[in-house]
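Accompanying notes for the structure given below.
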Amino acid sequence: SLSVSPGLVLRAMLINFLGVPALTLLLVMVAQLPPMTAAALLILAAAPGAPYVPPFTLYARGNFRLSVGLMVLLAGSSALFTPLILSLLIPVGTGGPGVTIDTVPLTGTLFAVQLLPLCLGMALRQWRPNLAARFEKPAVTASKVLNALMVIGILLLQYRQAAMVSLPLLLVIILLLPVSAWAGWLAGGSDRSDRKALGISTALRNMSLGMVIASGSFAGTAVLPAILVAAVVTGTGLLALAHLWRRNSVG
Numbered sequence: 075s076l077s078v079s080p081g082l083v084l085r086a087m088l089i090n091f092l093g094v095p096a097l098t099l100l101l102v103m104v105a106q107l108p109p110m111t112a113a114a115l116l117i118l119a120a121a122p123g124a125p126y127v128p129p130f131t132l133y134a135r136g137n138f139r140l141s142v143g144l145m146v147l148l149a150g151s152s153a154l155f156t157p158l159i160l161s162l163l164i165p166v167g168t169g170g171p172g173v174t175i176d177t178v179p180l181t182g183t184l185f186a187v188q189l190l191p192l193c194l195g196m197a198l199r200q201w202r203p204n205l206a207a208r209f210e211k212p213a214v215t216a217s218k219v220l221n222a223l224m225v226i227g228i229l230l231l232q233y234r235q236a237a238m239v240s241l242p243l244l245l246v247i248i249l250l251l252p253v254s255a256w257a258g259w260l261a262g263g264s265d266r267s268d269r270k271a272l273g274i275s276t277a278l279r280n281m282s283l284g285m286v287i288a289s290g291s292f293a294g295t296a297v298l299p300a301i302l303v304a305a306v307v308t309g310t311g312l313l314a315l316a317h318l319w320r321r322n323s324v325g
């Protein structure tokens, strides 16, 4: 799907790496969120390519193959673009130079935890498809279990901070969801299934990648619980939107 839609790919890249971060920066500044809370939302804004984009798209009866292609493209390119975007956004969105991102170590971390496993998986599927098929189900199960354990661990260790969610933070999260999904929908072209794939790819950010960044650069702060809250609220809202799109599908 990506090879025959270069215009759609370009729009997906622009809206995910420029549009959503710019919109989030505007909202956190207007809402005057505390520095660590603002940093959490900016990290998520700069981290597209969520692994749950394809299942959400499939449930919404969108273009599943396109959603997989977009997930791989955005997740892979985020190893390069995310540190650069954060180095520009964090000082502005948090109110000054006191909160910064060390770009070089972060880039190395993202290459190791994001790009390298992705390339290895793609190579295995290309050269040893039977072996890749055998590992697919255990890998998916392990991913789900690890994600669940990570969420539970954060809740147990930082539940007080997660429970102290401010109204401005919730309002920004709730506003970001429909605006991002709508922007992705418009960028998806004329095909309704493509619009669903790009809308979901734009609205659903990569919580796991965000937590890797937060753990390395903002350990012990309110960034991790704020990312968790944003991911839960966004995921719940997007599931409802996917259900609505599924009900409105023709055929």
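Counted the way my numbering counts, the sequence shown spans residues 75 to 325. Where is the CB? At the ideal position from N, CA and C, for every residue including glycine. Predicted model only: the values in this text are computed from it and were never measured.
Inter-residue spacing [alpha-carbon to alpha-carbon] between residue i and residue j
| i | j | result |
| --- | --- | --- |
| L107 | T295 | 15 angstroms |
| D265 | W259 | 10 angstroms |
| S79 | G262 | 10 angstroms |
| A120 | S282 | 12 angstroms |
| L243 | V102 | 8 angstroms |
| G325 | G169 | Unreliable placement is indicated for G325, whose pLDDT of 47 sits below 50; no coordinate value is reported for it. |
| P122 | T310 | 17 angstroms |
| A96 | M145 | 20 angstroms |
| A257 | L84 | 14 angstroms |
| S254 | P165 | 23 angstroms |
| P109 | G182 | 25 angstroms |
| L160 | Y133 | 32 angstroms |
| N137 | I274 | 11 angstroms |
| A314 | L154 | 32 angstroms |
| G284 | A149 | 12 angstroms |
| R269 | L115 | 24 angstroms |
| R135 | V306 | 22 angstroms |
| P128 | S240 | 31 angstroms |
| L302 | G93 | 22 angstroms |
| L298 | T111 | 9 angstroms |
Burial state of residue i (16 or more Cβ within 10 Å)
| i | result |
| --- | --- |
| L163 | buried |
| D176 | exposed |
| A124 | buried |
| T156 | buried |
| S267 | buried |
| N280 | buried |
| T174 | exposed |
For residue i, three-class secondary structure by DSSP
| i | result |
| --- | --- |
| A124 | coil |
| A134 | coil |
| R279 | coil |
| L107 | coil |
| A305 | helix |
| D176 | coil |
| G182 | helix |
| D328 | Outside the displayed span of the chain (75 to 325) sits residue 328, for which this structure offers no information. |
| G351 | Outside the modelled stretch of the chain, which goes from 75 to 325, sits residue 351, for which no answer is possible. |
| G150 | helix |
| N322 | coil |
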